[in-house]
Amino acid sequence: MPFPILTSLVALPVVGAILLLLVRGDEERSAPLVRKVALIVSLLVFAETLLLWMRFNPASGDFQFVERHAWIPAFGIEYFVGVDGISLLLLVLTAFLTPLALLGSWESVHKQTRAFCVFVLLLESAMMGVFISLDLFLFYIFWDAMLVPMYFLIGIWGYERRIYASIKFILYTMAGSVLMLLAILGLAYLHYTATGSYSFDLLKLYEIQVTPHQQFWFFLAFALAFAIKVPLFPFHTWLPDAHVEAPTAGSVILAGVMLKMGTYGLVRFAFPLFPEAAAYFAPALAVLAVIGIIYGALVAMVQPDMKKLVAYSSVSHLGFVVLGIAAMNTQGVSGAVYQMLSHGISTGGLFLIVGMLSDRRHTRLIAEYGGLKKVTPHLVAAFLIVTLASIGLPGLNGFVGEFLILLGAFRWDPRLAAFAATGVILSATYMLWMFQRVNYGPVTNEKNAALPDLRPREWAVIVPIIAVAILMGVLPNLFLRPIEPSVERIVNHFHQGAPSRIQAAAGPQSPSPQSPVPKVASEARR
Amino acid sequence: MTPSLNAIVPMACVTAAGIAAMVAESFRDPGERMPIAGLGAVGLLGAAFATVLLWNHNASSFGVVAADNFGLFVTGTLVVIGLLSLAISGPTIERERLPGGEYYALMLFATAGMILMATATDLLVIFLALEVMSLAVYVLTGIRRDSPTSTEAAFKYFLLGAFASAFFLYGIAFTYGLTGTTRLDRIGVLMAVQTGGPTPMQYLALGFLIVGFAFKVAAVPFHMWTPDAYEGAPPAVTAFMSTGVKAAAFAAFVRVFLSAFEPLRGSWSEVIWLLAAATMIVGTVAGVTQSSVKRMLAYSSIGHGGYLLVALVSANDFGKGAVLFYLLTYAITNIGAFGVIALLDNADRPNDQVKDYAGLWNDHPVLAALMTIFLLSLGGFPPMAGFIAKWYVFSAAVKAGYTGLAIIGVLTSVVSVFFYLRIVVMMYMTPAETPAQFPAVPKIAGAALVVSAILIFYLGILPTRVLEWAAASISTIF
Numbered sequence: 009m010p011f012p013i014l015t016s017l018v019a020l021p022v023v024g025a026i027l028l029l030l031v032r033g034d035e036e037r038s039a040p041l042v043r044k045v046a047l048i049v050s051l052l053v054f055a056e057t058l059l060l061w062m063r064f065n066p067a068s069g070d071f072q073f074v075e076r077h078a079w080i081p082a083f084g085i086e087y088f089v090g091v092d093g094i095s096l097l098l099l100v101l102t103a104f105l106t107p108l109a110l111l112g113s114w115e116s117v118h119k120q121t122r123a124f125c126v127f128v129l130l131l132e133s134a135m136m137g138v139f140i141s142l143d144l145f146l147f148y149i150f151w152d153a154m155l156v157p158m159y160f161l162i163g164i165w166g167y168e169r170r171i172y173a174s175i176k177f178i179l180y181t182m183a184g185s186v187l188m189l190l191a192i193l194g195l196a197y198l199h200y201t202a203t204g205s206y207s208f209d210l211l212k213l214y215e216i217q218v219t220p221h222q223q224f225w226f227f228l229a230f231a232l233a234f235a236i237k238v239p240l241f242p243f244h245t246w247l248p249d250a251h252v253e254a255p256t257a258g259s260v261i262l263a264g265v266m267l268k269m270g271t272y273g274l275v276r277f278a279f280p281l282f283p284e285a286a287a288y289f290a291p292a293l294a295v296l297a298v299i300g301i302i303y304g305a306l307v308a309m310v311q312p313d314m315k316k317l318v319a320y321s322s323v324s325h326l327g328f329v330v331l332g333i334a335a336m337n338t339q340g341v342s343g344a345v346y347q348m349l350s351h352g353i354s355t356g357g358l359f360l361i362v363g364m365l366s367d368r369r370h371t372r373l374i375a376e377y378g379g380l381k382k383v384t385p386h387l388v389a390a391f392l393i394v395t396l397a398s399i400g401l402p403g404l405n406g407f408v409g410e411f412l413i414l415l416g417a418f419r420w421d422p423r424l425a426a427f428a429a430t431g432v433i434l435s436a437t438y439m440l441w442m443f444q445r446v447n448y449g450p451v452t453n454e455k456n457a458a459l460p461d462l463r464p465r466e467w468a469v470i471v472p473i474i475a476v477a478i479l480m481g482v483l484p485n486l487f488l489r490p491i492e493p494s495v496e497r498i499v500n501h502f503h504q505g506a507p508s509r510i511q512a513a514a515g516p517q518s519p520s521p522q523s524p525v526p527k528v529a530s531e532a533r534r
Numbered sequence: 047m048t049p050s051l052n053a054i055v056p057m058a059c060v061t062a063a064g065i066a067a068m069v070a071e072s073f074r075d076p077g078e079r080m081p082i083a084g085l086g087a088v089g090l091l092g093a094a095f096a097t098v099l100l101w102n103h104n105a106s107s108f109g110v111v112a113a114d115n116f117g118l119f120v121t122g123t124l125v126v127i128g129l130l131s132l133a134i135s136g137p138t139i140e141r142e143r144l145p146g147g148e149y150y151a152l153m154l155f156a157t158a159g160m161i162l163m164a165t166a167t168d169l170l171v172i173f174l175a176l177e178v179m180s181l182a183v184y185v186l187t188g189i190r191r192d193s194p195t196s197t198e199a200a201f202k203y204f205l206l207g208a209f210a211s212a213f214f215l216y217g218i219a220f221t222y223g224l225t226g227t228t229r230l231d232r233i234g235v236l237m238a239v240q241t242g243g244p245t246p247m248q249y250l251a252l253g254f255l256i257v258g259f260a261f262k263v264a265a266v267p268f269h270m271w272t273p274d275a276y277e278g279a280p281p282a283v284t285a286f287m288s289t290g291v292k293a294a295a296f297a298a299f300v301r302v303f304l305s306a307f308e309p310l311r312g313s314w315s316e317v318i319w320l321l322a323a324a325t326m327i328v329g330t331v332a333g334v335t336q337s338s339v340k341r342m343l344a345y346s347s348i349g350h351g352g353y354l355l356v357a358l359v360s361a362n363d364f365g366k367g368a369v370l371f372y373l374l375t376y377a378i379t380n381i382g383a384f385g386v387i388a389l390l391d392n393a394d395r396p397n398d399q400v401k402d403y404a405g406l407w408n409d410h411p412v413l414a415a416l417m418t419i420f421l422l423s424l425g426g427f428p429p430m431a432g433f434i435a436k437w438y439v440f441s442a443a444v445k446a447g448y449t450g451l452a453i454i455g456v457l458t459s460v461v462s463v464f465f466y467l468r469i470v471v472m473m474y475m476t477p478a479e480t481p482a483q484f485p486a487v488p489k490i491a492g493a494a495l496v497v498s499a500i501l502i503f504y505l506g507i508l509p510t511r512v513l514e515w516a517a518a519s520i521s522t523i524f
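See below:
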């Protein structure tokens, strides 16, 4: 039996968390060791995902590294995991951001460090599980289980209104996802009526016939769960609260990874499972996405709080991702996936930098800062690069994704692309304006005059972010190569299932030799 | 042929243990410590052993008690409830200076009644079992004789319970008038051959039986006694009665309605539908506003009764397995939660308000973690057992076509998460204003809670075997 590498991605953080619980001693004595163990575990997970990427066959859109075991056979529930190009890179992103999040809260978390690290590791495990699950039941378990550690992270280590924010976060997300659970049950039942056995196997469910009427309701249930998670306008109100009140690590993971689960869910589940309903709703989703792009940007512009500004910028950026998915052509979806990764890097970076500032001054209000360039030149340089990455400057990560999305959207409906493009301009406005107020001009506040510059630990946090941002901007093909076959497969499957969506609007499709439904690669390349 | 006694062995074991406990108490000098709970544990383990031996044998005694797999599964659940309840009772008995022998004997007699109720196949025997169980539980509720709230709770419980019994008996009388028998199998046969729609008499019989059962399972609008009784009783007793009574009553409910009255399903399913919806909604919505943890959990257990009713009304092959699995997970989880309350109960301060839990994490990290596990499981979070149980119930509902009920179910469970989390917020995120004095945790009770938590994870992550047992019990009654 080959080494179950995907399972180990889920299991390793849990094992790490259990190890942490075994560390003896009170807070003072155990904290340094606990931090180190957690960091080492998360780095090991990252190394494993890199190994996974190296062994991954980028030419194939199939699911690779598949593991499949019966779990609850009476109901056809399986432990069924595998990755394609889309989930592969999201796994890498998750594993990349987790150690940075731990490192970023190295000193700012000074109560209950052990529990903090345990929750971060459990969260990582659940997020990994979400991305690798190919059984809908398993997916839902990870999806729901993920909420609990995040709830604790926000509620215990957050800022002043943390309790309100944490409860709002968990209730909002749950309210959306329970209806998805019913839809999942309904799908399994449809499989039962069609074949005589229950199944939650995604690949089998791709192939069952769902009447347009059923698709309509199922799609709504799935899309609601994912739209709240993304968050798509007007379901975004939990996000600013959760982001602002969460500790740095929570914000980084929340923005960097968890928001992507919504868009990932749309790509992986909602669109391919219910193509006709998706085609019916896609224009509405796209309009909401464009509203989100512009609305998020406008609201971000007037925020006095840096963290809130970054939070609203996420609403705007994630709007692009949804737009790309709704376009459902290769460019749009590839761009969307690319933008998911890129947003994880740049917004993760922004939250880390805001966290560094907030560690120094214990405030996140823009008005409290000014003229930092003279005081902390290195920090400001890093800040600038990450800001530019977030804006989408060519040569950095943000550009590629947005460009592809706009291209895809233009092929579908030029009007949407035109409106969405204003978001690019607006993002430059609010980000640069914020950057200017914080970093340029004279030092207006005495307290800022003697701020220390980047410490070695902070260098270790920010250098990888910048390196990846540049890498993603300069060598996008490195990342696009594994994405594209999987995306093409999903797009083709969608257009076969939804013939009502005119092919022309989706742009010319290269005839694909692959079968439209993704299959499990019988022999993963090793 | 001599009548076989096999089917009543589990009940007899528990009864014997109850008698032994009573005798032991009479030999006990005042102030002497005696391991009476140990006697009870022996009896319950005997019952468990007998249950395992009887599995798949379909034993039957006197034609009115059937140790079929359905009854045995519930018996197993009741044994688990009994053992956990015994384990968490110790601290309460010592603190309140309760008469240990009486307490344990009552608990064991109640358990015996519950086991009989789960295995009885005759309406009169069910009534008998109901009374054996109820009388013992009434006394247990009021066992703190010098406490006004406890006495009030017991009195209320007794009065309303007597009403319910009367309704139930009336229903039996009507059924007998219709069919000339009280045996469930014969009633089922007679109902099945009837042509034409149900008669008014049948409606009356069904209605009275439903009211009687609805009282016992605390379904809305017959739930009024629950919060008072659960709050007034000592927490260990509440743990026992909120799970045991519910399990036994549901077992009989399912057996009566799915074997004897199955042919009339068209007439009762809508009523149960309404009861289920009302119970889920009222249980959760009322839970939101409570400031006492005990009352909150009382409303939560009302709400959980609603989910069980969903499983009952769905009444397909999923539904019956779902009732059993749900009862088991609910029992373990709820005993755990009330067990934590029992352990925090202090002689001079009950510590049962939500605000008393502030800062529990700092004083008792393990207890806080256990309580979190129990609450999250009650709220239905994976990978805890509560998730699988709810999923099973909702699968049954979706399959039976009761999508509306399933939607109410999932939405109310989101609401319930809100109030479960209030306690979590207190324990973890709110510093204590006045440091509450929490007593030390006795070993046996602590171990029982840890075992419950482990079982919750086991049932949540590897439910297959127990799900199969639950499913295997299906064929025997339907």
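Residue numbers (the numbering used here), protein chains in the order written: chain A, 9 to 534; chain B, 47 to 524. Heads up, the beta-carbon is just placed ideally off N, CA and C, and yes, glycines get one too. Note that the coordinates shown come from a computational prediction; the quantities given were computed from them, not determined experimentally.
### Task
Return helix, strand or coil for Val-495 of chain A, following the three-state DSSP convention.
Secondary structure at Val-495 of chain A: helix, using DSSP grouped into helix, strand and coil.
### Task
Give me the Cα-Cα distance between Asn-453 of chain A and Thr-384 of chain A, rounded to the nearest whole angstrom.
The alpha-carbon atoms of Asn-453 of chain A and Thr-384 of chain A are separated by roughly 14 Å.
#### Entry: contact_flag[the segment 66-86 of chain B, the segment 148-160 of chain B] where n(CB pairs < 8 Å) is 3 or more
In short, these stretches touch, since the Cβ pair count reaches three.
### Query
Going by other Cβ atoms of all chains shown within 10 Å of its Cβ, with 16 needed for buried, is Gln-347 of chain A buried or exposed?
For Gln-347 of chain A, the number of other beta carbons within 10 angstroms of its own is at least 16, and it is reported as buried.
### Task
Identify the contact partners of Pro-81 of chain A in chain B, using a Cβ-Cβ distance below 8 Å as the criterion.
Under the 8 Å cutoff, chain B gives Thr-510.
### Task
Take Ile-433 of chain A as the anchor and find which of A:Ile-353, A:Met-309 and A:Asn-500 has the nearest alpha-carbon.
In this structure, A:Met-309 is the residue among A:Ile-353, A:Met-309 and A:Asn-500 with its C-alpha nearest to the C-alpha of Ile-433 of chain A.
### Message
Am I right that Ser-519 of chain B and Phe-116 of chain B are in contact with their C-beta atoms under 8 Å? What's the rounded C-beta distance?
### Response
Ser-519 of chain B to Phe-116 of chain B, Cβ: 4 Å. Contact.
### Task
Quick one: residues in its chain with C-beta nearer than 6 Å to the C-beta of His-244 of chain A, no 5 flanking neighbours on either side, listed in chain order?
Non-local C-beta neighbours of His-244 of chain A in its own chain, meaning closer than 6 Å and more than five positions away in sequence, comprise Val-323, ordered along the chain.
### Any chain A beta carbon closer than 8 Å to Phe-357 of chain B
At residue 357 of chain B the sequence reads Ala, which differs from the Phe that was named. Not one chain A Cβ lies under 8 Å of Ala-357 of chain B.
### Query
Which residues, in order along the segment 179-191 of chain A, keep a beta-carbon less than 7 Å from a beta-carbon of chain B?
Shown in chain order are the members of the segment 179-191 of chain A whose Cβ falls below 7 Å from a Cβ of chain B: Leu-179, Met-182, Ala-183, Val-186, Leu-187, Leu-189 and Leu-190.
#### Entry: Classification of Arg-423 of chain A by the beta-carbon crowding that lies within 10 angstroms, buried from 16 upward
It counts as exposed.
### Query
When the Cα atoms are used, what is the spatial distance from Gly-340 of chain A to Leu-414 of chain A?
Gly-340 of chain A and Leu-414 of chain A: Cα-Cα distance of roughly 7 Å.
### Task
Take Leu-211 of chain A and list the residues in its own chain whose beta-carbon comes closer than 6 Å to its own, dropping the five residues that flank it on each side.
Taken in chain order, the list of residues that qualify is empty.
### Task
Have a look at Ala-512 of chain A and Gly-332 of chain A and give me their C-alpha separation to the nearest angstrom.
Low confidence applies to Ala-512 of chain A: its pLDDT is 40, below 50, so where it sits in the model is not reliable enough to give any reading.
### Message
Going by beta-carbon coordinates alone, are Val-283 of chain B and Thr-187 of chain B separated by less than 8 Å?
### Response
Pairing Val-283 of chain B with Thr-187 of chain B gives a Cβ-Cβ distance under 8 Å.
### Message
What would DSSP say about Ala-513 of chain A, mapped onto helix, strand or coil?
### Response
Note that Ala-513 of chain A scores 44 on pLDDT, short of 50, meaning its location in the model is unreliable and no value can be drawn from it.
### Message
Distance check for Tyr-249 of chain B and Leu-320 of chain B, CA to CA, integer angstroms please.
### Response
Whole-angstrom Cα-Cα distance: 16 Å.
### Below-8 Å beta-carbon distance, Phe-160 of chain A vs any chain B residue
For Phe-160 of chain A, the answer is yes, since a Cβ of chain B falls inside 8 Å of its Cβ.
### Message
Does any residue of chain B have a CB that is nearer than 8 Å to the CB of Asp-209 of chain A?
### Response
Not closer than 8 Å to any Cβ of chain B, the Cβ of Asp-209 of chain A fails to qualify, so no.
#### Entry: For Gly-416 of chain A and Asn-337 of chain A, the rounded distance between their alpha carbons
Each residue's alpha carbon lies about 6 Å from the other.
### Task
Give, in chain order, every residue of the segment 197-225 of chain A whose Cβ lies closer than 7 Å to some Cβ of chain B.
Residues of the segment 197-225 of chain A with a Cβ closer than 7 Å to any Cβ of chain B, in chain order: Tyr-197.
### Query
Does DSSP put Arg-191 of chain B in a helix, in a strand, or in coil?
In the structure shown, Arg-191 of chain B falls within a coil segment according to DSSP collapsed to helix, strand and coil.
### Task
Just the C-alpha distance for Ile-378 of chain B and Ser-288 of chain B, rounded to the nearest angstrom, thanks.
When rounded, the distance between both Cα atoms is 11 Å.
#### Entry: Bridge partner(s) assigned by DSSP for Ser-95 of chain A
None, per the DSSP bridge assignment.
#### Entry: Member of A:Leu-59, A:Gly-93, A:Trp-61 and A:Ala-55 whose CA lies at the smallest distance from the CA of Asp-70 of chain A
Taking only the C-alpha atoms, the option nearest Asp-70 of chain A is A:Gly-93.
### Task
Could you work out which residues of chain B lie near Val-156 of chain A, taking near to mean beta carbons separated by less than 7 Å?
Within 7 Å Cβ-Cβ: Leu-422 and Phe-427.
### Message
I'd like the span of the beta strand (DSSP E) that includes Ile-80 of chain A, first residue to last.
### Response
Residues 72-80.
### Query
Which one of B:Thr-138, B:Lys-489, B:Met-473 and B:Phe-464 has the shortest CA to CA distance from Asp-394 of chain B?
Sorting B:Thr-138, B:Lys-489, B:Met-473 and B:Phe-464 by C-alpha distance to the C-alpha of Asp-394 of chain B places B:Thr-138 at the top.
### Message
Counting only Cβ pairs nearer than 7 Å, list the residues of chain B close to Leu-193 of chain A.
### Response
The answer, in chain order, is Phe-440, Ser-441 and Val-444.
### Task
Identify the contact partners of Arg-170 of chain A in chain B, using a Cβ-Cβ distance below 9 Å as the criterion.
The contact set of Arg-170 of chain A on chain B, defined by CB atoms closer than 9 Å, consists of Met-475 in chain order.
### Message
On a Cα-Cα basis, can you pick out the residue from A:Thr-201, A:Leu-412 and A:Pro-40 that is closest to Gly-481 of chain A?
### Response
Gly-481 of chain A has its Cα closest to that of A:Leu-412, out of A:Thr-201, A:Leu-412 and A:Pro-40.
### Met-179 of chain B beta carbon less than 8 Å from that of Ala-297 of chain B
The criterion of a C-beta distance shorter than 8 Å is not satisfied by Ala-297 of chain B and Met-179 of chain B.
### Query
Anyone know if the C-beta pair for Ser-305 of chain B and Asp-231 of chain B falls short of 8 Å?
Result yes, Cβ atoms of Ser-305 of chain B and Asp-231 of chain B sit closer than 8 Å.
### Query
Going along chain B, which residues have a C-beta under 9 Å from Gly-300 of chain A?
Going along chain B, no residue has its Cβ under 9 Å from Gly-300 of chain A, so there is no contact; the nearest lies around 24 Å.
### Query
How big is the Cα-Cα spacing for Gly-300 of chain A and Gly-112 of chain A?
Distance between the alpha carbons of Gly-300 of chain A and Gly-112 of chain A: 29 Å.
### Message
Would you say Ala-404 of chain B lies against chain A (beta-carbon separation less than 8 Å)?
### Response
Cβ-Cβ to chain A under 8 Å: no for Ala-404 of chain B.
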